[in-house]
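Colleague: Counting in our numbering, the sequence shown runs from 316 upward without gaps. Just so you know, even glycine gets a beta-carbon here, dropped at the ideal spot from N, CA and C. Model, not experiment: these values are computed from the prediction. Here you go, one structure.
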Amino acid sequence: MKNIININKDNFDVNVIQSKCPVLVDFWAEWCGPCKMMSYNLNEISKEFIDKIIIAKINIEENQDFLQKYDIRSIPTLILFKQDIILGKIMGVISIEQIKEFIYKNI
């Protein structure tokens with residue numbers, strides 16, 4: 316099971332809101348250097364969380380509606396969802412250990 320997926324406005328509801336397990340959504344952009352560091356960190360932790368969460372990446376350049384909907388003021392931003400409930404939100408690059416702590420604290 317691959318637990319890092321790319322999503323967009325067309326499949327957000329199916330992959331996040333209707334998901335039975337928590338989904339960690341990474342809001343990012345191609346031009347964002349810190350987003351690339353966060354992507355590396357998420358790839359590093361993905362195997363540890365394969366049976367616990369899904370990691371979803373959404374490019375805000377192609378899906379700008381989400382900026383206002385989820386009050387995204389800077390990227391990268393991580394939001395942990397359990398269906399339509401936001402369990403936690405964090406902005407900026409964080410370390411692998413901080414990502415793990417954020418997930419365990421909120422799931």
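I need the boundaries of the beta strand (DSSP E) containing Ile-422, first residue and last residue.
Modeller: Unbroken run through Ile-422: none, as it is neither H nor E.
Colleague: Quick check on the DSSP output: the beta strand (DSSP E) that includes Asp-341 runs from which residue to which?
Modeller: Segment 338-343, the beta strand (DSSP E) holding Asp-341.
Colleague: Quick one: Cα of Met-406 to Cα of Asp-328, how far?
Modeller: 22 Å
Colleague: What is the DSSP secondary structure of Asn-378, reduced to helix, strand or coil?
Modeller: Coil.
Colleague: My output table needs one value for Phe-364: the three-state DSSP class, helix, strand or coil.
Modeller: coil
Colleague: Please return the same chain residues whose Cβ sits closer than 8 Å to the Cβ of Ile-320, not counting the five positions on each side in sequence.
Modeller: For Ile-320, where only same-chain residues beyond five positions count, the Cβ hits under 8 Å are Asn-330, Ile-369, Ile-370, Ala-371, Lys-372.
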